[in-house]
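Single-structure report; data block below.
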Amino acid sequence: MCGITGLINFDPSGQPENPGKVLRNMLDALRHRGPDDRGEERIEVTNGPVLHLGHQRFSIIDISASGHQPMANDDKSVWVSTNSEIYNYKELRNELAYKFQFHSQSDTEVLLRAYEQWGVGCLDRIVGMFSFAIWDNKREALFVARDRLGIKPLYYHIKDQQFAFASELRSLLASGFIDKSINSTGLYHYLSFGHSKAPETIVNSVRELKPGHYLWIDKNGNWEEKEYWNPFNENESPVNEMEIHEQVRTVIEESVRCRSISDVPLGAFLSGGIDSSVVVGSLANISDDPVTTLTIGFQEKEFDESEFSQEVSDRFKTNHHLLRLDEEQLLQALPSSLSAMDQPTIDGINTYLISRSAHEVGLKVALSGLGGDELFGGYPSFQLIPKLMQRKKLFKYIPFMKWGVGLYNGFFPTDQTTKLEHFLQGKLSGAHEYFLIRALFCQEPVTHLFADKKQARTEIEKDFQRTQNQIEQFPTDDIFNQISYLETFHYLQNMLLRDVDMMSMAHPLEVRVPFMDHRLVEMMFRLPGKEKAGAAKHLLVDSMKSLLPDNVWQRKKMGFAFPFEMWMRGALRPEIETVLLSPLQQLDGLVSQQAVANVWNDFLSGRVSWSRPWSLYVLKSWINKNLS
Numbered sequence: 327m328c329g330i331t332g333l334i335n336f337d338p339s340g341q342p343e344n345p346g347k348v349l350r351n352m353l354d355a356l357r358h359r360g361p362d363d364r365g366e367e368r369i370e371v372t373n374g375p376v377l378h379l380g381h382q383r384f385s386i387i388d389i390s391a392s393g394h395q396p397m398a399n400d401d402k403s404v405w406v407s408t409n410s411e412i413y414n415y416k417e418l419r420n421e422l423a424y425k426f427q428f429h430s431q432s433d434t435e436v437l438l439r440a441y442e443q444w445g446v447g448c449l450d451r452i453v454g455m456f457s458f459a460i461w462d463n464k465r466e467a468l469f470v471a472r473d474r475l476g477i478k479p480l481y482y483h484i485k486d487q488q489f490a491f492a493s494e495l496r497s498l499l500a501s502g503f504i505d506k507s508i509n510s511t512g513l514y515h516y517l518s519f520g521h522s523k524a525p526e527t528i529v530n531s532v533r534e535l536k537p538g539h540y541l542w543i544d545k546n547g548n549w550e551e552k553e554y555w556n557p558f559n560e561n562e563s564p565v566n567e568m569e570i571h572e573q574v575r576t577v578i579e580e581s582v583r584c585r586s587i588s589d590v591p592l593g594a595f596l597s598g599g600i601d602s603s604v605v606v607g608s609l610a611n612i613s614d615d616p617v618t619t620l621t622i623g624f625q626e627k628e629f630d631e632s633e634f635s636q637e638v639s640d641r642f643k644t645n646h647h648l649l650r651l652d653e654e655q656l657l658q659a660l661p662s663s664l665s666a667m668d669q670p671t672i673d674g675i676n677t678y679l680i681s682r683s684a685h686e687v688g689l690k691v692a693l694s695g696l697g698g699d700e701l702f703g704g705y706p707s708f709q710l711i712p713k714l715m716q717r718k719k720l721f722k723y724i725p726f727m728k729w730g731v732g733l734y735n736g737f738f739p740t741d742q743t744t745k746l747e748h749f750l751q752g753k754l755s756g757a758h759e760y761f762l763i764r765a766l767f768c769q770e771p772v773t774h775l776f777a778d779k780k781q782a783r784t785e786i787e788k789d790f791q792r793t794q795n796q797i798e799q800f801p802t803d804d805i806f807n808q809i810s811y812l813e814t815f816h817y818l819q820n821m822l823l824r825d826v827d828m829m830s831m832a833h834p835l836e837v838r839v840p841f842m843d844h845r846l847v848e849m850m851f852r853l854p855g856k857e858k859a860g861a862a863k864h865l866l867v868d869s870m871k872s873l874l875p876d877n878v879w880q881r882k883k884m885g886f887a888f889p890f891e892m893w894m895r896g897a898l899r900p901e902i903e904t905v906l907l908s909p910l911q912q913l914d915g916l917v918s919q920q921a922v923a924n925v926w927n928d929f930l931s932g933r934v935s936w937s938r939p940w941s942l943y944v945l946k947s948w949i950n951k952n953l954s
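Quick note, the sequence shown lines up with residues 327 to 954 if you use the working numbering.
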């Protein structure tokens, strides 16, 4: 994994005084992503602008100097700067060897040759995670692309005849020419869900390239963005239970196998849950040496899964490391973990701490069980949304139900009563129920937070309609697959995967996610929901339980979370209270400071959960550090 960046100015009169220095400033902001090497390239375009490409290298495959980037082909007509792992690079290399002479063992060179051979079609052949930029001198255009599931990030700025891109938003901010004003749509997304939603970011002048999309921009500044992948593959699905189990097992094992390829030390995160245990077990079965595993544990027993992770470790004889975390340790880690956030998020600190531990024990690559809940139905939403939709049909026949709940919520508002009111008032729609379940602040609380109430209502309506349109375009009305889609392409993509990338690369550590192999995702969306619905993740358990200790697959799912509710009333309170109750100039006219203070008081009195004030604390801390 690496950090990439570049810039083009199509109006020479508006060219930065020293674009080389600007590029170096952008690279400096990405140094943590690639401490092993740095590359800069100035490419003059005939009768066109000058392109500057930059690269910070984190060496994983072919750690020799021959993997240096930006990398060019033999006649320097094609240049590439990439943040990627191409897991099938050996197979692609063998396929291309008849035509091209290779000068390295890197997957970067394979990507370069794959583009020369197939152009945009190379995207269909790649198995991996990636974001890259390729300059094609023959087409006189820049080709920028991002992997299908959005595992690797890519941000861009395009305005006033100027185009710039980078692996992180902070790199674009470091250029010095980015407008740092806050994007109201990105702010609404964050306040509602704890993250911004691609293509929006928290900053007005920066967009995120959507997963499964690419962008062309030619030497005249003309540009176009297109989708190249969606999960609804039309291939045939398995026809019976035995065949389904066999295919699930085969695809998962292959996904783990190809993600085990590395020229540097590799291990795995192990929570003790089903997903991470499947990954660790599959990895152990193909590893010659004991797998290094890492777990976070807590003194608070209701949050601690370490006994289960230890059982899995014993089963597969792993080299196991336990990080026992308490509130004082978290308080000490807060400044550095908040600094690692490329965008504000209510999640991610867990990944920051376990990635730090992985780095300390010598790992450069770690496998994660992320994505299993979304594909196999591990979240409560898979059980709850169908029930809510059935009950809403019944509630409409109960006189004065909406009126009574609304009246009660007006006098005794809580998270639960507010969501119940909106549930009764909303349309019968899986998207509506999903929003209620996943929302930090649902409609009315978000409106209270926004200084401009009209703007808040506009954003609410736009967001709901956008999601509803996506659901209506589904090739099926299968409610399980609809929920799976929302969990994967909203929650997972926009929060969990983004958090994993920025928090792991802060150390640096490359995290690979076998459940996010696009072949597995396509197969799971081909299966009808009835094959996956029922007990949580029963299909995954039935397919892989021979691999797992009985106590792992038989136990009730806990879900990985910190004891924030207790810690925020304890050691974290002075820090959070100071930030929340202090005005922040950048939020003037956008967020009501009084409403922020009210949220904190509501938390202290037990009316709202910890996630509400925590989200506001993170937002204000991030803005103060990055947009001041």
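Cβ coordinates follow ideal geometry from the N, Cα and C atoms, glycine included. Please read all numbers here as calculations on a predicted model, not as lab measurements.
Within 7 Å, strictly: CB atoms of Ser941 and Leu766
As a first step, residue 941 must be located in the sequence shown, where it is residue number 615. As a first step, residue 766 must be located in the sequence shown, where it is residue number 440. Yes, these two residues count as a Cβ contact at 7 Å.
Going by DSSP, what residue range makes up the alpha helix (DSSP H) through Met892?
Reading the sequence shown from its first residue, position 566 is the one you call residue 892. Here the alpha helix (DSSP H) through Met892 covers Phe890 to Trp893.
Every unbroken alpha helix (DSSP H) within the segment 395-447, with a cutoff of 4 residues, ordered by chain:
415-422 and 433-444
Would you identify the three-state DSSP class for Leu812, choosing helix, strand or coil?
As a first step, residue 812 must be located in the sequence shown, where it is residue number 486. Leu812 falls in the helix class under three-state DSSP.
Can you name the start and end residues of the beta strand (DSSP E) that Arg650 belongs to?
For this step, residue 650 is matched to residue 324 along the sequence shown. Start and end: Asn645 to Leu651.
Count Cβ pairs between the segment 453-471 and the segment 398-417 that sit closer than 8 Å; are there 3 or more?
yes
Please classify Pro840 as buried or exposed, where buried requires at least 16 other C-beta atoms within 10 Å of its C-beta.
Locating residue 840 in the sequence shown gives position 514, counting from the first residue. Under this definition Pro840 is a buried residue.
Nearest to Ser663 (by Cα), restricted to the options Gln919, Val617, His647 and Ser947:
As a first step, residue 663 is located in the sequence shown; it is residue number 337 there, counting from the start. Measuring from the Cα of Ser663, the nearest candidate turns out to be Ser947.
Report buried or exposed for Leu754, applying the criterion of at least 16 other Cβ atoms within 10 angstroms of its Cβ.
For the purposes of this step, residue 754 is identified with residue 428 of the sequence shown, where counting begins at 1. Bear in mind that a pLDDT of 49 at Leu754, under 50, signals an unreliable position, so the number given afterwards is only what the model happens to contain. Leu754 should be labelled exposed.
What distance in whole Å lies between the Cβ atoms of Arg359 and Met831, which are believed to be in contact at a cut-off of 8 Å?
Translated into the one-based positions of the sequence shown, residue 831 becomes position 505. Translated into the one-based positions of the sequence shown, residue 359 becomes position 33. Indeed, because the Cβ distance is near 5 Å, the residues count as touching under 8 Å.
Kindly indicate which three-state DSSP category Trp461 falls into: helix, strand or coil?
Taking the first residue of the sequence shown as position 1, residue 461 is located at position 135. Residue state, collapsed to three classes: strand.
Gly932 - containing alpha helix (DSSP H), residue span
Stepping through the sequence shown from its first residue, residue 932 is reached at position 606. Here Gly932 belongs to no alpha helix (DSSP H), and DSSP marks it neither H nor E.
Trp729, buried or exposed, once every other Cβ within 10 Å from all chains shown has been counted against 16
Working through the sequence shown from its first residue, we reach residue 729 at position 403. Residue placement at Trp729 is poorly supported in this model, since its pLDDT is 49, which falls under 50; the coordinates are not used for a value here.
Given Pro661 as reference, the closest of Leu651, Tyr678 and His646 once Cα atoms are compared:
Within the sequence shown, the letter at position 335 stands for residue 661. Out of Leu651, Tyr678 and His646, Tyr678 has the C-alpha closest to the C-alpha of Pro661.
Strand pairing of His571, partner residues [DSSP]
The sequence position of residue 571 within the sequence shown is 245, counting from 1. Paired residue(s): none; His571 is not in a bridge.
Reference Leu535; option with closest CA among Pro525, Trp542 and Ile543
Position 209 of the sequence shown, counted from the first residue, corresponds to residue 535. For the set Pro525, Trp542 and Ile543, the Cα lying nearest the Cα of Leu535 is the one of Pro525.
What's the gap between the Cα of Gln658 and the Cα of Val371?
The sequence position of residue 658 within the sequence shown is 332, counting from 1. The sequence position of residue 371 within the sequence shown is 45, counting from 1. Their Cα atoms are separated by approximately 50 Å.
Proximity to Glu654 [Cα-Cα], best of Arg895, Val617 and Asp827
Along the sequence shown, read from residue 1 onward, the residue named residue 654 stands at position 328. The candidate whose alpha carbon is nearest that of Glu654 is Arg895.
What are the residues that DSSP puts in a beta bridge with Thr331?
For the purposes of this step, residue 331 is taken as the residue at position 5 of the sequence shown. Its beta-bridge partners are Gly380 and Ala492.
Going by Cα to Cα distance, which pick from Leu865, Tyr943 and Arg383 is closest to Pro909?
Taking the first residue of the sequence shown as position 1, residue 909 is located at position 583. Nearest option by C-alpha distance: Tyr943.
Output the distance between the C-alpha atoms of Met849 and Asn807, rounded to the nearest integer angstrom.
For this step, residue 849 is matched to residue 523 along the sequence shown. For this step, residue 807 is matched to residue 481 along the sequence shown. Spanning the two alpha carbons is a distance of roughly 12 Å.
Is the beta carbon of Pro396 less than 7 Å from the beta carbon of His381?
Along the sequence shown, one-based indexing puts residue 396 at 70. Along the sequence shown, one-based indexing puts residue 381 at 55. Yes, the pair counts as a contact, with Cβ atoms nearer than the cut-off.
Quick check: the Cα distance between Asn617 and Thr576, rounded to an integer number of angstroms?
Translated into the one-based positions of the sequence shown, residue 617 becomes position 291. Translated into the one-based positions of the sequence shown, residue 576 becomes position 250. In the sequence on display, residue 617 carries Val and not Asn. One C-alpha to the other measures close to 21 Å.
Within 7 Å, strictly: CB atoms of Ser597 and Leu649
In the sequence shown, residue 597 corresponds to position 271, counting from 1. In the sequence shown, residue 649 corresponds to position 323, counting from 1. Not in contact: Ser597 and Leu649 (Cβ atoms no closer than 7 Å).
Compare the Cα-Cα distances from Thr511 to each of Thr527, Ser497 and Asp505 and report the closest residue.
For the purposes of this step, residue 511 is identified with residue 185 of the sequence shown, where counting begins at 1. For Thr511, the nearest C-alpha among the options comes from Thr527.
Can you tell me which of His483, Leu356 and Trp879 puts its alpha carbon nearest to the alpha carbon of Phe503?
The count along the sequence shown starts at 1 and reaches residue 503 at position 177. It is His483 whose Cα lies nearest to the Cα of Phe503.
Nearest candidate by alpha-carbon position, reference Ala594, set Pro670, Ser681, Gly623 and Leu513:
Stepping through the sequence shown from its first residue, residue 594 is reached at position 268. Ala594 has its Cα closest to that of Ser681, out of Pro670, Ser681, Gly623 and Leu513.
Grouping DSSP H, G and I as helix and E and B as strand, with all else coil, what is Gly915?
As a working note, residue 915 is residue 589 in the sequence shown. DSSP places Gly915 in coil when its eight states are reduced to three.
Looking at C-beta atoms only, is the number of pairs between the segment 810-820 and the segment 700-715 that lie closer than 8 Å three or more?
yes
Taking the alpha carbon of Ser700 as the reference point, which residue from Gln625, Met821 and Gln769 has its own alpha carbon closest?
Within the sequence shown, the letter at position 374 stands for residue 700. Reading off the sequence shown, one finds Glu at residue 700, where the question assumed Ser. If we check each option's Cα against that of Glu700, Met821 comes out closest.
Euclidean distance between Cα positions of Phe737 and Ile805
Numbered from 1 along the sequence shown, position 411 holds the residue referred to as residue 737. Numbered from 1 along the sequence shown, position 479 holds the residue referred to as residue 805. Reliability of the predicted coordinates at Phe737 is poor, the pLDDT of 49 falling under 50, and the value obtained from them is presented with this limitation in mind. Approximately 35 Å between the Cα atoms of the pair.
By alpha-carbon positions, which one of Phe776, Arg838 and His515 ends up nearest to Gly695?
Start at 1 with the first residue of the sequence shown, and residue 695 comes out as number 369. Of the listed residues, the one whose Cα sits closest to Gly695 is Arg838.
CB Glu494 to CB Asp668, shorter than 7 Å?
Position 168 of the sequence shown, counted from the start, is the residue given in the question as residue 494. Position 342 of the sequence shown, counted from the start, is the residue given in the question as residue 668. Result yes, Cβ atoms of Glu494 and Asp668 sit closer than 7 Å.
Does Gly896 come out as helix, strand or coil in the three-state DSSP assignment?
Reading the sequence shown from its first residue, position 570 is the one you call residue 896. In this structure, Gly896 counts as coil in the three-state DSSP scheme.
Grab me the residues of Ala467's own chain with a C-beta within less than 6 Å of its C-beta, minus the 5 sequence neighbours each way, in chain order.
The sequence position of residue 467 within the sequence shown is 141, counting from 1. Cβ within range, chain order: Trp542 and Asp544.
Does DSSP put Leu693 in a helix, in a strand, or in coil?
Reading the sequence shown from its first residue, position 367 is the one you call residue 693. Three-state DSSP puts Leu693 in a strand.
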